[in-house]
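Enquirer: Okay, handing you the structure first.
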Amino acid sequence: MAVNSVDASNACIPPSHPLIRQALPLPSTNRGEPLFLDGDGGRWNDGDDDGSSNGKRRPLVMYGFGKLVVIREIDDARSLSSSSSAMMRDGEDNDDDLDEGCHTDPTGTRESTGGFVYRGHAANVTCAKFSPSGKYVASCDHRGRLRIWSYDHGEHLTRLEVQLLSGPIRDVCWDHECRRVVVAGDGGAGSNSDSCRVIMWDTGVKCGELSCHARRRASSCAYRPRRPMKIATGGSEDATVYFHSGPPFRRVIPGENDVVVVDERCHERGAVHCLRYNRDGSLLASAGTDGSVCIYDGGTMKSTIRLIRAHDSSVYSCSWDRSGNRLLTCGADGYARLYDGNTGTKVREWDVASSSSYSGGGGRTTTTTTGKDDGSSSTMRGMSVAAMQLGCTFIKGNVPISVGYDGQIAVLSPLDDDGPIVFITGHQAPISAMTFGAPGDDTVYTADTDGVIVEWDVSTGRARGRVVSDVVDDDGANATPASSAGIHAGANVTSLAFVVNDKGGGGGDGGILYSAGWDDHVRMTHGRTCHGKARMEAQPNAMTVGSTLVVVMTVGGLLLIERERLVSELIPLPYEATCVCLSNDDATLYVGGNDRNIHIYAISSRRDVNLLEEVHVITGGHLHPVQSLSLSPDCTMLAAADVRDVCVYSTTAIAGSADDHYSTLVPKGRWCFHSQRIGCLAWSPDGNVIASGGNDDSIFLWCPTQKMKRVHYRFAHRGGVTGLGFVGRTDGGGGSSGDWTLVSAGADGCLNWWNVEDDVRGKFGL
């Protein structure tokens, strides 16, 4: 059972919690800015420190998402290595070899959950790098703070936290001795504000003076991984690369100390987006806004190769493979390219934007225009902004990956593999809604604040793909399936509901998914294609489903949808509705109000007149507005929650009572341990346990027959829990018993799987 008193840090989910799997968010990106990834987990993560895993740990890639540092395991078979890919093509089964020693988390205390999320920053994370040993991480944020923390420690304790720059830190790099760290970013307006700094990693003491770039803005830095040590920094405004030697470090200027040639201005204009040394420090590469890539001698800092048109537009990132001879680049033209670092020859290229596997549709479009005087036509090729490639790296030293503006990770095929590009998709924004698919489909759907809906495999935790649209709105939104804004045109999706086929839903792939968003539409999806929509008269805030009926709660009242069509006009309410819940037989509707009451309506089987009739009001049960409602699988109990309390009511009227009140099973003041709004409730398949999730980052488990006991999972999701559900249960109730896997979604963009069986049986005796 989870013991909360021993957890001393909220930088991660406590190891004592029964987390078994995580679906992690995608990298945060900014248009026109490079994304720095780290695919080199260091010696410890490669299993080279003690040789125990023989280098068979899963490959890692690290990046920032909001205020989080995400370390993701790439478990696609292609990414394990070129040699393992060859073995698989030869028909050899090497799963046992790869599984051994590669499934433990950083601390080695439990099985791998698919990655790790560090939550120690108070501002948006801009970059993060493993130390060469792999046991420490240096991460930086938008406020100019550097944190160095332990990756292999159970609580991931902070070794150093220091304010280095006045503005955002854009890039960070370790030296090969794990003793010094250099950062580059935006300095302040003051004369003493630096754009680059190099410090000792354990004390924060400066190791020299690095020259400031124009407007005190630097975009990237690189530390030579050998002696004599060199530091290169690139400017965001001056197209210049400054070179420094040390320690203590100072700028190398032509004409001083017999220095004859230092090629600082190999780029013509704009920013030097990325600087990277190869593994032995013999070569340095720079990528810039002018579309060029320059390669320098790592020791003399003299330019040896200049690729003037490496890409058709800005080159945002570059990375060397483990051999130090191949350079991977990516740019705004949607391509990733591999060059020979010694000759400048292009070895291979990947048209990521045109890949047929691109989740959400192809990134390139073809437009044919006519109307010339001679009657001929012309064809133009365009590209979605979402397909611009902003970051790239090698994982395990030899498998290239690239990340687009929409955050989707492209695992590129190795040199000896002509297979298709494999995409890893998910969310790039906080998850705002969650629902399960049809029973037996092992499907869960999630939606985020950017309007993106993702379908997940419950059993593996992998994303099957994003929902795309073939519907064109009146304003032209979602005109192409490649819309990066999602099917709700970039609007927040407030609720999801799934109607199963055998209950009259029709359609394919098990049923119909309904989604309500702040674009004032409810959209209908079959499989992963949105094919229909219904315009709302007011902004929808919540939705509930029974058998065939869907009730949409808007700021102006209620709307009813059945079999993909509206069956009612907007039904106004004399109070402000805050949440809704519908019974399995579509006969009873429960509405929570801002008046702190629960209103109970009977729904007429005739859809033409008097659809709703208020039959009862539960009053006095809450001290605050009701925020969420959930019926037990057999519809005999109703759970209701506000900003503090979770209450349970019987849905059966008391026989012989003059007032005909509904009985209270768990009153207010009993389950009152949440400290902020409780946004979601879920019943176990057998109806014996209730799970509640709140904006206080906590998940609680309750048992109506054991009112004095509870199970508490702290720090479940940073920013709050936005969705809960037990595996095997659908929104229509029912479900199978015997499965104690709880799935939760949160504002941190994560989807978590919890095995709560031991806690439930140990605490409640079930």
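Each position in the sequence shown, counted from 1, maps to that position plus 109 in this note's numbering. Even glycine gets a Cβ: it sits at the ideal position worked out from N, Cα and C.
Tell me the residue span of the alpha helix (DSSP H) that contains W459.
Expert: Counting along the chain, W459 falls outside any alpha helix (DSSP H), though it belongs to the beta strand (DSSP E) covering 455-460.
Enquirer: So what does DSSP say about W429, is it helix, strand or coil?
Expert: DSSP places W429 in strand when its eight states are reduced to three.
Enquirer: Does the Cβ of K238 have 16 or more other Cβ atoms within 10 Å, making it buried, or fewer, making it exposed?
Expert: buried
Enquirer: Does the Cβ-Cβ distance between G516 and Q537 come in under 8 Å?
Expert: yes
Enquirer: Less than 7 Å between C-beta atoms, sequence neighbours within five positions excluded: which residues of the same chain meet that for S422?
Expert: G400, G440, A441, D442
Enquirer: Within 8 Å of any Cβ in chain B, is that where the Cβ of C282 sits?
Expert: Absence of chain B from the displayed structure is noted, only one protein chain being present.
Enquirer: I believe V226 touches L133 by the beta-carbon criterion, under 8 Å. Please report the beta-carbon distance rounded to the nearest angstrom.
Expert: 7 Å
Enquirer: Would DSSP call F873 helix, strand or coil?
Expert: helix
Enquirer: Can you tell which of Y623, V577, V631, T555 has its C-alpha closest to the C-alpha of V567?
Expert: T555
Enquirer: State the Cα-Cα distance for the pair S772 and T534, rounded to the nearest angstrom.
Expert: So the two alpha carbons sit approximately 47 Å from each other.
Enquirer: May I ask you to list the residues that DSSP assigns as paired with T349?
Expert: Answer by DSSP bridge pairing: none, since T349 is not bridged.
Enquirer: In this structure, what does DSSP give as the bridge partners for V246?
Expert: DSSP output for V246 lists F239, W258 as bridge partner(s).
Enquirer: Checking the sheet assignment: what are the DSSP bridge partners for R359?
Expert: S354
Enquirer: Could you pull out every residue in the same chain whose Cβ sits closer than 6 Å to the Cβ of D628, ignoring the five residues on either side in sequence?
Expert: H597, A598, A600
Enquirer: With respect to the alpha helix (DSSP H) encompassing R152, which residues constitute its N-terminal and C-terminal limits?
Expert: 151-155
Enquirer: May I ask you to report which of helix, strand or coil DSSP gives N719?
Expert: In the structure shown, N719 sits in coil (DSSP, three-state: anything other than H, G, I, E or B).
Enquirer: Which residues in the same chain as D482 place their Cβ atom closer than 8 Å to its Cβ, once the five residues preceding and following it in sequence are excluded?
Expert: Because the pLDDT of D482 is 47, which lies under 50, any placement of that residue in the model is unreliable, and the number read from its coordinates should be weighed accordingly. The answer is none, since no qualifying residue turns up.
Enquirer: Where do the ends of the beta strand (DSSP E) carrying S793 lie?
Expert: Unbroken run through S793: none, as it is neither H nor E.
Enquirer: Considering only residues of the same chain and omitting the five flanking positions on each side of G480, which have a CB-CB separation below 6 Å?
Expert: At G480 the pLDDT is 45, less than 50, meaning the model places this residue with poor confidence and gives no usable figure here.
Enquirer: Measure how close the beta-carbons of I621 and P168 come, nearest whole angstrom, since I'm counting them as under 8 Å.
Expert: Incorrect: roughly 38 Å between the Cβ atoms, too far for contact.
Enquirer: Have a look at the DSSP bridge pairing and note the partners of H725.
Expert: I709
Enquirer: Taking the C-alpha atoms as reference points, what is the distance between W863 and D557?
Expert: 21 Å
Enquirer: Which of helix, strand or coil does DSSP assign to A298?
Expert: coil
Enquirer: Does the Cβ-Cβ distance between V689 and L682 come in under 8 Å?
Expert: no
Enquirer: Among Q648, L667, V561, which residue has its Cα nearest to the Cα of T638?
Expert: Closest by alpha carbon: V561.
Enquirer: What is the DSSP secondary structure of A496, reduced to helix, strand or coil?
Expert: Per DSSP, reduced to three states, the secondary structure at A496 is helical.
Enquirer: Would you kindly check if the distance between the Cβ of T235 and the Cβ of R289 is under 8 Å?
Expert: One thing to note: R289 has its Cβ no nearer than 8 Å to the Cβ of T235.
Enquirer: Buried or exposed: L266, going by 16 or more other Cβ atoms within 10 Å of its Cβ?
Expert: exposed
Enquirer: With a threshold of 8 Å, are at least 3 pairs of Cβ atoms found where one atom belongs to the region 370-379 and the other to the region 428-436?
Expert: No, the region 370-379 does not touch the region 428-436.
Enquirer: If you follow the beta strand (DSSP E) that M543 is part of, which residue opens it and which one closes it?
Expert: 540-545
Enquirer: Classify N233 as helix, strand or coil using the three-state DSSP reduction.
Expert: coil
Enquirer: Going by beta carbon distance, what residues of the same chain come within less than 6 Å of V757, once the five residues before and after it are set aside?
Expert: M746, A748, L774, V775, P813
Enquirer: Below 8 Å CB to CB, which residues in the same chain sit around R674 once its five sequence neighbours on both sides are set aside?
Expert: Hits under 8 Å: A643.
Enquirer: Ordered along the chain, which non-local residues of its own chain (more than five positions away) have a Cβ less than 8 Å from that of A232?
Expert: K176, D250, H251, R252, R254
Enquirer: Quick check on the DSSP output: the beta strand (DSSP E) that includes Q53 runs from which residue to which?
Expert: Within the shown structure, residues of the chain are numbered from 110 to 875, placing residue 53 beyond reach of any answer.
Enquirer: Using the Cβ count rule (16 or more neighbours within 10 Å means buried), how would you classify G871?
Expert: exposed
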